[in-house]
Amino acid sequence: MIDFELEPQILSRLQMYHAVSEHMMRPISRDCDEHEHTKPTQFYDSMWSASAAADIQVGNDKSKKADSPGAAPRRANLLSVLSTEELCWGDAGLYLSTPNSGLGGAAVMAAGTPEQKDRFLRRFKEGKPKWGAMAITEPSFGSDSSQVTTTATRDGDHWVINGTKIFCTAGEMAAEKSEGFVVVWATVDKSAGRPGIKPFVVEHNTPGMTVARVENKLGIRASDTAALIFDNCRIPLDALLGSAEVRKEGGFKDVMATFDATRPIVAAMAIGVGRAALDFVRDFLKEQNVPVRYGISPRRLTAVERDFMEMEVQLQAARLLTWRAAWMLDTGKRNSLEASMAKAKAGLAVTLITQKAVELLGPLGYSRKILVEKWMRDAKINDIFEGTQQINMIIVARRILNYSSKELN
Ligand SMILES: Cc1cc2nc3c(=O)[nH]c(=O)nc-3n(C[C@H](O)[C@H](O)[C@H](O)COP(=O)(O)OP(=O)(O)OC[C@H]3O[C@@H](n4cnc5c(N)ncnc54)[C@H](O)[C@@H]3O)c2cc1C
58 MIDFELEPQI LSRLQMYHAV SEHMMRPISR DCDEHEHTKP TQFYDSMWSA SAAADIQVGN
118 DKSKKADSPG AAPRRANLLS VLSTEELCWG DAGLYLSTPN SGLGGAAVMA AGTPEQKDRF
178 LRRFKEGKPK WGAMAITEPS FGSDSSQVTT TATRDGDHWV INGTKIFCTA GEMAAEKSEG
238 FVVVWATVDK SAGRPGIKPF VVEHNTPGMT VARVENKLGI RASDTAALIF DNCRIPLDAL
298 LGSAEVRKEG GFKDVMATFD ATRPIVAAMA IGVGRAALDF VRDFLKEQNV PVRYGISPRR
358 LTAVERDFME MEVQLQAARL LTWRAAWMLD TGKRNSLEAS MAKAKAGLAV TLITQKAVEL
418 LGPLGYSRKI LVEKWMRDAK INDIFEGTQQ INMIIVARRI LNYSSKELN
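Sequence positions in the sequence shown follow this note's numbering and run 58 to 466.
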């Protein structure tokens, strides 16, 4: 049974995240946006110490298993989406740049063996700040991840990786500036198509892996987005996550399972940004003595009331879908459909909410005096990465209509 009643421990953790957002993120938000590529190292250090003290990876606590019969409900994924919302209410770019195992860690959790999970993720509880990243996208493709051209060729006790990856979130920090790692998707057998694609963990500063550039972006400018080159990059055989066997049935599905865990998190990012904008508008309307009247006939609502309520509805619908997708993961249910539904809905909702917020605030909304215009820029990425709006809609349609990816693309 779905149960979204939150335990007191979760609520107090969320209060802590809210305080982090309010007192550590918001004060540096504008500065980090204005000065893309300048690293807020003090913020990184504080977040790293805080996550170590709380014994969690902020926003990415996937260390717990799904429920066993009769056990108290586990909430690792629900806690992830709740904490992500709370932190992205503070600043989505800073959230993405927070040291943790990130998308790379999600890939290890989804595709790695128990031994690999322990080996690669344990370090994220120790020492200096570290980052994990995931590199799928290449210059020749984005949406269709079955088009991977980066190769992994076996040579004795090693895999040798060759190829170029672009738009890798936290790529610079993971590859070169910390003791982190990058999970790279590469094909071990091009002729096998999708089943030949496997995720590999490439450790920081491995010879042959270089950062070619970091992007200048519209939004989430506190987060680094890197292009990485792999030139005869040698890694040990056991850096391949899961099995090296090229299975015709289900091989690629296991790799794609990473998205079942990461899409609800991106949806939660969107919800956090949307909530920031909504909260700002609510306070603004209150200050201006503009009422929002609930419970009256829709015919009597003002245009502002209608817009505001629509923003609230969109946010709530996206949040409930996201919670459901996370709850399914926590209870060991396959959630590919629900994860894509949540991601598609939340990406659209945050775009709508932040644009409406700018509009309702008038010239103030468009000015850099306040953060609302920044949130509008930060919002759009949620409609692009971890599967664009259109791609997630196609996945939803496929799953509902029971079509294969060949039949509906
Ligand atoms: C800031 C940022 C961070 C990123 N971080 C990462 C990361 O950490 N790791 C990583 O691997 N990648 C990352 N990406 C890449 C991101 O996942 C891709 O940009 C995304 O998958 C879309 O790919 P594309 O840009 O090549 O667009 P394309 O695939 O070229 O698509 C262009 C447009 O066509 C639409 N489209 C494509 N195919 C179809 C179809 N079949 N039907 C209908 N419409 C379609 C798309 O929805 C989109 O609107 C990041 C991107 C950005 C901008």
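Quick reminder that beta carbons are idealized off the backbone N, C-alpha and C, glycines included. Fair warning: this is a prediction, and the values are worked out from it, not measured in the lab.
When you compare only the Cα positions, how much space is there between Glu233 and Leu178?
18 Å
For His80, list the residues DSSP reports as bridge partners.
Paired residues: none, contrary to the question.
Inspect the CB distances between the segment 222-232 and the segment 245-257 and report whether three or more fall short of 8 Å.
no
Shortest alpha-carbon distance to Ala301 belongs to which of Thr210, Leu358, Phe316 and Thr282?
Thr210
What's the C-alpha gap between Pro186 and Leu135?
25 Å
Quick check on DSSP: helix, strand or coil for Gly299?
coil
Enclosing alpha helix (DSSP H) for Asp364 [first to last residue]:
Ala360 to Asp387
Strictly by DSSP, which residues pair up with Gly189?
Phe238
Do Ile5 and ligand 1 come close, with the Cβ less than 7 Å from some heavy atom?
A query on residue 5 cannot be resolved here, the shown segment of the chain reaching from 58 to 466 and no further.
Considering only residues of the same chain and omitting the five flanking positions on each side of Leu465, which have a CB-CB separation below 8 Å?
Ile451, Ala454, Arg455 and Leu458
Could you tell me if Ala449 is buried or exposed, where buried requires 16 or more neighbouring beta carbons within 10 angstroms of its beta carbon?
Residue identity differs from the one stated: residue 449 is Asn in this sequence, not Ala. Asn449 is buried by the Cβ-count criterion.
Leaving out the 5 sequence neighbours to the left and right, which residues in its chain are closer than 8 Å to Leu71 when beta-carbon positions are compared?
Leu63, Leu139, Ser140 and Glu143
Inspect the CB distances between the segment 341-361 and the segment 399-411 and report whether three or more fall short of 8 Å.
no
When the Cβ atoms of the segment 367-378 are set against those of the segment 325-334, are three or more pairs found closer than 8 Å?
yes
Taking the runs of the alpha helix (DSSP H) that are 4 residues or longer, which of them lie wholly in the segment 209-265?
228-232
Whose C-beta lies closer than 6 Å to the C-beta of Tyr152 among residues of the same chain, with five residues either side of it excluded?
Leu144 and Cys145
Check whether the Cβ of Cys225 sits closer than 7 Å to any heavy atom of ligand 1, and report yes or no.
yes
Quick check on the DSSP output: the beta strand (DSSP E) that includes Arg291 runs from which residue to which?
Thr282 to Pro293
Span of the alpha helix (DSSP H), counted from its first residue to its last, around Asn449:
Gln446 to Leu458
By alpha-carbon positions, which one of Arg87, Thr170 and Gly184 ends up nearest to Ser106?
Gly184
Can you tell me which of Arg339, Gly189, Val271 and Gly169 puts its alpha carbon nearest to the alpha carbon of Leu256?
Reading off the sequence, residue 256 comes out as Pro, not Leu. If we check each option's Cα against that of Pro256, Gly169 comes out closest.
Buried versus exposed, by CB contacts within 10 Å (16 or more), Leu298
buried
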